[in-house]
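A.B. asks: Mind looking over this structure? Questions follow.
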Amino acid sequence: MGNLRVSDLSQSFAREDGSELTVLDHLAFDVEDKEFVCILGSSGCGKTTLLRMIAGLDTARNGSIVLDGEAITGTSPKIGMVFQEYSLFPWRTVIDNIAFGLEMKGMPREERYRIADRFLALVNLSQFRDSYPSELSGGMRQRVAVARALALDPVLLLMDEPFGALDAQTRNMLQQELLQIWEKTKKTVIFITHSVDEAVFLSDRIIVLTPRPGRICRIFPIELPRPRDRTSVEFARVRRDVLDLINQNCSIQ
Amino acid sequence: MNIRNQTNPHRWLGVLAIVLTLVLWEIVAIFVVNDAFILPSPPDVLSAFIGLIEKGRLILDFRASLVHFAIGLGLALAVGIPVGIAMGWSRRFDAFIDPVIEILRPIPPLAWIPFAIIWFGLTPLSAGFVIFIGSVFPIIINTYSGFRGVPRIFVEAGRMLGCTKGWNQIRFIAFPAALPSVAAGFRIACGVGWMCLVAAELFGVSNNGLGMALWFYYNLHQMDCVVVYMLLLGLTGLAVDMAFRYYMDRHFLKWRTGEVA
Chain A
2 MGNLRVSDLS
12 QSFAREDGSE
22 LTVLDHLAFD
32 VEDKEFVCIL
42 GSSGCGKTTL
52 LRMIAGLDTA
62 RNGSIVLDGE
72 AITGTSPKIG
82 MVFQEYSLFP
92 WRTVIDNIAF
102 GLEMKGMPRE
112 ERYRIADRFL
122 ALVNLSQFRD
132 SYPSELSGGM
142 RQRVAVARAL
152 ALDPVLLLMD
162 EPFGALDAQT
172 RNMLQQELLQ
182 IWEKTKKTVI
192 FITHSVDEAV
202 FLSDRIIVLT
212 PRPGRICRIF
222 PIELPRPRDR
232 TSVEFARVRR
242 DVLDLINQNC
252 SIQ
Chain B
21 MNIRNQTNPH
31 RWLGVLAIVL
41 TLVLWEIVAI
51 FVVNDAFILP
61 SPPDVLSAFI
71 GLIEKGRLIL
81 DFRASLVHFA
91 IGLGLALAVG
101 IPVGIAMGWS
111 RRFDAFIDPV
121 IEILRPIPPL
131 AWIPFAIIWF
141 GLTPLSAGFV
151 IFIGSVFPII
161 INTYSGFRGV
171 PRIFVEAGRM
181 LGCTKGWNQI
191 RFIAFPAALP
201 SVAAGFRIAC
211 GVGWMCLVAA
221 ELFGVSNNGL
231 GMALWFYYNL
241 HQMDCVVVYM
251 LLLGLTGLAV
261 DMAFRYYMDR
271 HFLKWRTGEV
281 A
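These protein sequences, in sequence, are chains A and B. So the first sequence is numbered by the working numbering: it starts at 2 and just counts up by one. So the second sequence is numbered by the working numbering: it starts at 21 and just counts up by one.
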C-alpha cells in the first residue's frame, strides 16, 4: 500500500533578521496507492522542502503527513528517495550502492547481491555491475539511484527533479524507462519537476504549486492514455492547458 | 581510464638525471674538492656501505629506526584518527578540544625531547614518542577536515536507506567519504614523523637507529658512512611513501581514478 495524506502542512524558516520566511502555506492533498503524481512549480516555491518533509528528512512546523495511517516522523525504509544531485556513494561500486540499504538491514552478502542484481537488470545496467559511479554518465548514475531506492521495496518513491541535470534526449529516454519501471513495480510515485512537458508526460495527476509561499494552485488530472506521445495533438493540447493555467492563476501575483 | 597513471614515455630522463648527478658528484669530489672528509665520492660511499653491511651494524640501525617509526606512527593513528573523527562529527567535542590542540600543535616536536627522555628514558618508546608528537597533528587535522567536508547529500541518502545510527553513519558514509583526506594526512604524518625520527635519534633519545648512527659516524669523522646513512634515510622515506600510496590507491581509493581531471 502507499496512500499518502498531507494535511494543513506549513513550513517556515527563521530569517537572519528574525522574521519568518513562509515557504509552504497550508498544503493539503492526497496521493493514492500506485499513483504517479508530479508536483510542478517554479524554483523557490518549496517543492523540495515539501518532498524532504514527506521523506522524513525535515519536520514540518505545522500539519501532518500520514502514510498508510502512520504519521511520518523520520526516514523510513517504506519511503525511497532519488535526489536531484548525484547521491551515489562514489567509493562503492554500482552493485554495492544498490545493495547498501539491504546491507544496513543486515542481510547476508549473497542474498543482497541477488536482490540488487535484479534491480540492476531492471534499469538495464547489468554490464556496469562492478563499475564505480565516476565511470558512469549522469543518466546512468540516476538510473542506479532509482535501482538503489527501489531495492528496499518502498511503498512510496520520491523523486526530486532527478533528471534535471540531464540533456533533453537522455531525459526523455529516462522518463520512458521510469514509466516502464513504475508499471512493473507499481509504487506510488511523487515526482518533482519544473518542466510542464515532463509532468504531462509522466503523471496521473499534476499538483501545481504557486511560487513563494508555496500553495496548491490547482490539481490537474492527466487523462491521456499511456504510452503518451509527446508529438501528438492531444499531448500538445494538455500541455497548453496546463501552461495557460499556470500563467493565468499560478504565477507570481 | 587511468591514462594519467600510465608510464610516462620520458621516464628514462629521470634515470639519466640520476646518473648525471652521480657523475657530477664524482667529478666534484675527485677534481674539485679532493678531500674525502669534506665530500666523499660515490665509490667511497659504496665501499663504506659494504663495510657497514659486513659489520652487521646497518641492519641493526635500520631495524631500530623502523621500530621507532612504527611505535610513533601507530600511536599517532590510534590517537589521531578517533580524535579527528570525534572533532569532525561533534561540534561540541570540537569546541571542547580545539583550544588545547591549537596550543599544543605549534610546539615543535623536538622541543618534547627532554621530556621524552625523562619520561621514557633511552628506549625505543622515547623516540617513538617524539615521532608521535610530530605525526599526530597532521592526522587529526586531516581526519577532522575530511569529516567536516563530507557532503550532506551522502548522509541524507544514507538515512533514506536505513543508515540512521550515528555509528553506522560514521562507518559506512563519513569515513569512506573522508578517507582520501585521512590518507593525505597520514602521508604528511609519515614525512614529518620521519624527520622527527632522525632528530630524536640524533639527540640520543635511543641507543640505536639510523639517525643515531649518522651522528656517531660524524663524531668519528667517517663522512662516507654519514652519507650512507643519509641516503638510506632518504630512500627509506621514499619507499615508505610509495608503498603507502600504492597500497591505498590499490585497495581503498580505486574509486577516485578518473574523478579529478
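Glycine included, each C-beta is placed from N, C-alpha and C at the ideal position.
#1: So if DSSP puts A:C39 in a beta bridge, which residue, or which two residues, is it bridged to?
#2: With distances taken from CA atoms, which of A:S233, A:D26 and A:I220 is nearest A:N250?
#3: Does any residue of chain B have a CB that is nearer than 8 Å to the CB of A:T60?
#4: Where does A:T50 fall in DSSP's three states?
#5: Quick one: residues in its chain with C-beta nearer than 7 Å to the C-beta of B:A204, no 5 flanking neighbours on either side, listed in chain order?
#6: Assuming B:G104 contacts B:I159 (C-beta within less than 8 Å), just tell me the rounded distance between them.
#7: For a quick check, are the C-beta atoms of A:P91 and A:S135 less than 8 Å apart?
#8: Can you give the Cα-Cα distance for B:G100 and B:V39, rounded to whole angstroms?
#9: Among all the DSSP beta bridges, which residues are the ones paired with A:I80?
#10: Could you please give the first and the last residue of the uninterrupted alpha helix (DSSP H) stretch that includes B:H271?
#11: In terms of residue numbering, what span does the alpha helix (DSSP H) encompassing B:N162 cover?
#12: Just list the residues that DSSP pairs A:F221 with in beta bridges.
#13: Give the interface partners of B:T184 over in chain A, defined as CB-CB distance under 9 Å, in chain order.
#14: Assign B:I70 to one of two classes, buried (16 or more other C-beta atoms within 10 Å of its C-beta) or exposed (fewer than that).
#15: Quick check on A:A166 - is its C-beta less than 8 Å from some C-beta in chain B?
#16: Taking only beta carbons into account, state which residues of the region 160–173 of chain B come closer than 8 Å to chain A, listed in chain order.
#17: Around the Cβ of B:S67, are there at least 16 other Cβ atoms within 10 angstroms (buried) or fewer (exposed)?
#18: Would you call the region 186–193 of chain A and the region 150–159 of chain A touching, i.e. three or more CB-CB distances under 8 Å?
#19: For the alpha helix (DSSP H) holding B:A131, just list the boundary residues, first then last.
#20: Given 8 Å as the limit, is there contact between the region 96–116 of chain A and the region 170–188 of chain A, that is, 3 or more CB pairs closer than that?
#21: Applying a beta-carbon distance threshold of less than 7 Å, which residues of chain B neighbour A:E162?
#22: Would you kindly check if the distance between the Cβ of A:V83 and the Cβ of A:M174 is under 8 Å?
#23: Considering only residues of the region 75–141 of chain A, which uninterrupted alpha helix (DSSP H) runs meet the minimum length of 4 residues and lie entirely inside it, listed in chain order?
#24: For A:T76, I'd like the list of residues in its chain whose CB is within less than 7 Å of its CB, leaving aside the five on either flank, ordered along the chain.
#25: At the 8 Å Cβ level, is B:A220 part of the contact set with chain A, yes or no?
#26: Relative to the C-alpha of A:F236, which residue among A:L203, A:A148 and A:R216 is closest?
#27: Throw me the rounded Cβ distance for the A:L151 and A:G107 pair, which I believe falls under 8 Å.
#28: Let me know if A:I96 comes out buried or exposed under the rule of 16 or more other beta-carbons within 10 Å of its beta-carbon.
#29: In this structure, how does DSSP classify B:D114 when only helix, strand and coil are distinguished?
#30: Could you pull the start and end residues of the alpha helix (DSSP H) that A:R172 belongs to?
#31: In angstroms with no decimal places, state the Cα-to-Cα distance between B:R207 and B:I151.
#32: Kindly indicate if chain A contains any beta-carbon less than 8 Å away from that of B:M215.
#33: Given a cut-off of 8 Å on the beta-carbon distance, is the pair A:I208 and A:I217 in contact?
#34: Just mark B:N22 as buried or exposed, buried being the case when its beta carbon has 16 or more other beta carbons within 10 Å.
#35: From A:G165 to A:L244, what distance separates their C-alpha atoms?
#36: The region 86–111 of chain A: which residues have C-beta closer than 7 Å to a C-beta of chain B, in chain order?
C.D. replies: In brief:
#1: Against the first sequence, residue 39 of chain A aligns to sequence position 38. A:C39 is bridged to A:F192 and A:I207.
#2: The sequence position of residue 250 of chain A within the first sequence is 249, counting from 1. The shortest C-alpha separation from A:N250 is found at A:I220.
#3: For the purposes of this step, residue 60 of chain A is identified with residue 59 of the first sequence, where counting begins at 1. No, because no Cβ of chain B sits closer than 8 Å to the Cβ of A:T60.
#4: For the purposes of this step, residue 50 of chain A is identified with residue 49 of the first sequence, where counting begins at 1. Correct three-state label for A:T50: helix.
#5: On the second sequence, residue 204 of chain B is found 184 positions in, with the first residue counted as 1. Once the five neighbours on either side are set aside, the close Cβ partners of B:A204 are N162.
#6: The residue you call residue 104 of chain B lines up with position 84 of the second sequence. The residue you call residue 159 of chain B lines up with position 139 of the second sequence. About 6 Å; that satisfies the 8 Å criterion.
#7: Locating residue 91 of chain A in the first sequence gives position 90, where the first residue counts as 1. Locating residue 135 of chain A in the first sequence gives position 134, where the first residue counts as 1. Closer than 8 Å, so yes.
#8: Here residue 100 of chain B refers to the residue found at position 80 of the second sequence. Here residue 39 of chain B refers to the residue found at position 19 of the second sequence. C-alpha separation (whole angstroms): 41 Å.
#9: To locate residue 80 of chain A, count along the first sequence from 1; it is residue 79. A:I80 pairs with A:L157.
#10: Sequence index remark: in the second sequence, residue 271 of chain B carries index 251 (1-based). First-last of the alpha helix (DSSP H) with B:H271: M243 to H271.
#11: Along the second sequence, one-based indexing puts residue 162 of chain B at 142. First-last of the alpha helix (DSSP H) with B:N162: P144 to R168.
#12: On the first sequence, position 220 is the one that residue 221 of chain A refers to. A:F221 is bridged to A:I207.
#13: Here residue 184 of chain B refers to the residue found at position 164 of the second sequence. Result: G75, T76 and M105.
#14: Here residue 70 of chain B refers to the residue found at position 50 when the second sequence is read from its first residue. It is exposed - the Cβ of B:I70 has fewer than 16 other Cβ atoms within 10 Å.
#15: Walking along the first sequence from the start, residue 166 of chain A turns up at place 165. Chain B, which has no Cβ nearer than 8 Å to the Cβ of A:A166, makes this no.
#16: I173
#17: In the second sequence, counting from the first residue as 1, residue 67 of chain B sits at position 47. Under this definition B:S67 is an exposed residue.
#18: yes
#19: The residue you call residue 131 of chain B lines up with position 111 of the second sequence. Looking at the DSSP string, B:A131 is not in any alpha helix (DSSP H), and its letter there is neither H nor E.
#20: no
#21: Counted from its first residue, the first sequence places residue 162 of chain A at position 161. Going along chain B, no residue has its Cβ under 7 Å from A:E162, so there is no contact; the nearest lies around 14 Å.
#22: As a working mapping, residue 174 of chain A is identified with position 173 in the first sequence. As a working mapping, residue 83 of chain A is identified with position 82 in the first sequence. No, they are not a contact pair.
#23: 95–99, 101–105 and 110–123
#24: Taking the first residue of the first sequence as position 1, residue 76 of chain A is located at position 75. Result list for A:T76: A56, G57 and L58, in chain order.
#25: On the second sequence, residue 220 of chain B is found 200 positions in, with the first residue counted as 1. So, not an interface residue.
#26: By 1-based counting over the first sequence, the position of residue 236 of chain A is 235. The shortest Cα separation from A:F236 among A:L203, A:A148 and A:R216 belongs to A:L203.
#27: Counted from its first residue, the first sequence places residue 151 of chain A at position 150. Counted from its first residue, the first sequence places residue 107 of chain A at position 106. 19 Å between Cβ atoms; not a contact.
#28: Against the first sequence, residue 96 of chain A aligns to sequence position 95. Classification for A:I96: buried.
#29: Looking up residue 114 of chain B in the second sequence gives position 94. Here B:D114 sits in helix by DSSP.
#30: In the first sequence, the residue the question calls residue 172 of chain A occupies position 171. That run of the alpha helix (DSSP H) goes A169 to T186.
#31: Position 187 of the second sequence, counted from the first residue, corresponds to residue 207 of chain B. Position 131 of the second sequence, counted from the first residue, corresponds to residue 151 of chain B. Taking the straight line joining both Cα atoms gives about 14 Å.
#32: Taking the first residue of the second sequence as 1, we reach residue 215 of chain B at position 195. No, its Cβ sits nowhere closer than 8 Å to a Cβ of chain A.
#33: For the purposes of this step, residue 208 of chain A is identified with residue 207 of the first sequence, where counting begins at 1. For the purposes of this step, residue 217 of chain A is identified with residue 216 of the first sequence, where counting begins at 1. For A:I208 and A:I217, yes; Cβs fall inside 8 Å.
#34: The residue you call residue 22 of chain B lines up with position 2 of the second sequence. Low per-residue confidence applies at B:N22: pLDDT is 45, beneath 50, and the placement is therefore not dependable, though the value from the model is reported in the following sentence. Per the 10 Å Cβ criterion, exposed.
#35: Within the first sequence, numbered from 1, the residue matching residue 165 of chain A stands at position 164. Within the first sequence, numbered from 1, the residue matching residue 244 of chain A stands at position 243. Using only the alpha carbons, I get a separation of about 19 Å.
#36: E86, S88, F90, P91, W92, F101, G102, M105 and K106
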